[in-house]
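These notes concern the structure reproduced below.
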Amino acid sequence: MQRRQLLAGLVAGSALGVAGCASVGSANKAKVLVVGGGYGGATVSKYIRLLSDYSIDVMMVEPSAAFVSCPVSNLVIAGMKTMADITNPYTGLSSRHGVRVVQDRVASVDPARKTATLASGGSVSYDKLVLAPGIDFMWEQIEGLQAAHAAGDVLHAWKAGPETMALRRQLESMRDGGVFAISIPEAPYRCPPGPYERASVVAAYLKQHKPRSKVLILDANQDVTSKGPLFKKAWAEIYGPMVEYRPQHKAVSVDGKSRTLKFDVQDDVKADVLNVLPVMRAGKLAVDTGLANANGRWCHTNFLTFESTAAKDIHVIGDAIQVAQGMPKSGHMANSHAKVTAAAIVAELQGMEVNPHPMLTNVCMSYVDATHVIHVASVHEYQAPKKSFFTIGGSGGVSDVRSDLEGRYAEAWAKNIWADVLG
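Quick note: the sequence shown uses full-length UniProt numbering, first residue 1, plus one each step.
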């Protein structure tokens, strides 16, 4: 009875055979395969085990050997953190919660047969599949970008890892008096405030080490997409003319060798370091499986359970989905999706009622220099008549001012959510 109450009352954001080869798990146990070990995939793996009293087998397939956080990775680029600071092992999922963590890649999924094929060649069966594939890039939207990226001339560093450090090295080698330009695609994209935070902390690095340099923010959107007044106030008061924001600059082509970016209307921009964020879509596996049924780009889901509207018993969470109104593509939101999904999957597999009124929480913390942070927060409730999530009025909002107190909150947020995802 207590577990039924827990499942019915679970809200995302609270503190709260395995799909695998034939030899994995007990024959009479339900089997869940989770693809992706980011904020969504790792969280849903842990919580399915927790909420089922460890009675459902879970396999999580993730190519990376460890969890590397995209949130906070901008500080690595700016030299304020190291890669070790944002990297955590998956050992807690396996040793504490019995998740079978497999370092591999799922090459394909057969929804009709409920099987997945691994890149290493194995075949995995499942009762439920959770895809947390994150984002991939629509390279063709900017002519020359894929070639410039492959050559290492123009980086995005929008997936934390080796490219994070590569962009850091470009910044370190930039001349004093040079230009760092970041190009932002039209929304939606992963982490709405992320590009503006990156511009801010890069400016903090340059102000200290290369004070004659400049940061150009070339935004395809009409205005800053998140926390605009707070970011603009910080740029004006902390950095002055060092930071220049240019809205409605939609990139259409790039020349990697000359570091030149062309736009649909405005004049070309040449920079010493070009950081171009490509147009984004759901991860490749979701697209290849036929789940990207929102303009061939994002995945529609039933928000009560996050089950795909294109395939039964496949749930999609995190940045890959077509989001509800006011729902950002963020790590915290993926963590919230995962908890609602875990509760729904356990309820469905164990013959219980799915919580009819799930809720989600989200917080995005953004650094504007090495110590000062601003935030945006929200709570979202599922409304059954409209079959979607809606932001609860007055439930969140943005910071009044930037502060070093919020900087300490940001440090605590990262430690707490990493513990929740992986611990």
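Virtual Cβ for every residue (Gly too), placed ideally from N, Cα, C.
It should be emphasised that the depicted structure is a prediction, and the values quoted were computed from it without experimental measurement.
The distance from the Cβ of N302 to that of L155 is about 37 Å, inconsistent with a contact at the 8 Å cut-off. Measuring C-alpha to C-alpha distances from S95 to each of P63, S45 and I86 identifies S45 as the nearest. S64 and A157 have their C-alpha atoms some 16 Å from each other. DSSP places A282 in the uninterrupted beta strand (DSSP E) bounded by M280 to A282. When S69, D223, L304 and S200 are compared, the shortest CA-CA separation from T87 is found for S69. Beta-carbon to beta-carbon, V201 and L75 are separated by about 6 Å, close enough to satisfy the 8 Å threshold.
A distance below 8 Å between beta-carbons, with the five flanking residues on each side excluded, links K114 to the following residues of its chain, in chain order: S125, Y126, D127, L129 and D313.
Each residue's CA atom was taken as its position, placing T341 and N221 some 32 Å apart. Listed in chain order, the non-local C-beta contacts of V279 below 6 Å within the same chain comprise M138, Q141 and P185, local neighbours out to five positions each way being set aside. Closest option to A251, judged by alpha-carbon separation, among I135, G228, K233 and K270: K270. DSSP places F263 inside the beta strand (DSSP E), whose first and last residues are T260 to F263.
Between the alpha carbons of V368 and G122 lies a distance of about 46 Å.
Residue pairing by DSSP places K214 opposite V179 in a beta bridge. A direct Cα-to-Cα measurement between I374 and G396 gives close to 13 Å. A334 counts as buried, since no fewer than 16 other beta carbons sit within 10 angstroms of its beta carbon.
When C-beta atoms of the stretch 205-225 are compared with those of the stretch 172-186, three or more pairs fall below 8 Å, so the two segments count as touching.
Annotated as proximal: A338 and I317, with beta-carbon spacing under 8 Å.
The beta carbon of D264 sits closer than 7 Å to those of K250 and V252, all from its chain and outside the five residues before and after it, given in chain order. Cβ atoms of I135 and R190 come within 8 Å of each other, at about 5 Å. In this structure, DSSP gives K386 a helical state, which the three-state scheme calls helix.
G397 is bridged by DSSP to A377. For T117, the enclosing beta strand (DSSP E) starts and ends at T115 to L118. Closest option to G37, judged by alpha-carbon separation, among F67, K31 and I48: F67. Shortest Cα-Cα distance from H357 to any of H372, P385 and R100 involves P385. A Cβ-Cβ distance of about 22 Å is found for the pair V354 and Y39, leaving them out of contact under the 8 Å criterion.
Counting other Cβ atoms within 10 Å of its Cβ, Y47 reaches 16 or more and is therefore classed as buried.
The secondary-structure analysis by DSSP pairs A251 across a beta bridge with F263. Straight through space, the alpha carbons of V101 and G92 are spaced by roughly 10 Å. Distances from the CA of R297 to each of F306, N28, P71 and Q322 were compared; the closest alpha carbon is that of Q322.
The beta carbon of A166 lies closer than 8 Å to those of G152, L155 and A157 in the same chain, with the five residues before and after it left out. When C-alpha distances from V99 are compared across A204, K387, R49 and E172, the shortest belongs to R49. Taking 8 Å as the upper bound for CB-CB distance, P188 and L285 are not in contact here, some 19 Å apart. Contact check for V376 against K233 fails: the beta carbons are separated by 8 Å or more. For A324, no beta strand (DSSP E) run applies, since DSSP gives it neither H nor E. Of the residues assessed, V401 falls on the exposed side of the cut-off, its CB having fewer than 16 other CB atoms within 10 angstroms. S64 carries a coil assignment under DSSP once its states are collapsed to helix, strand and coil.
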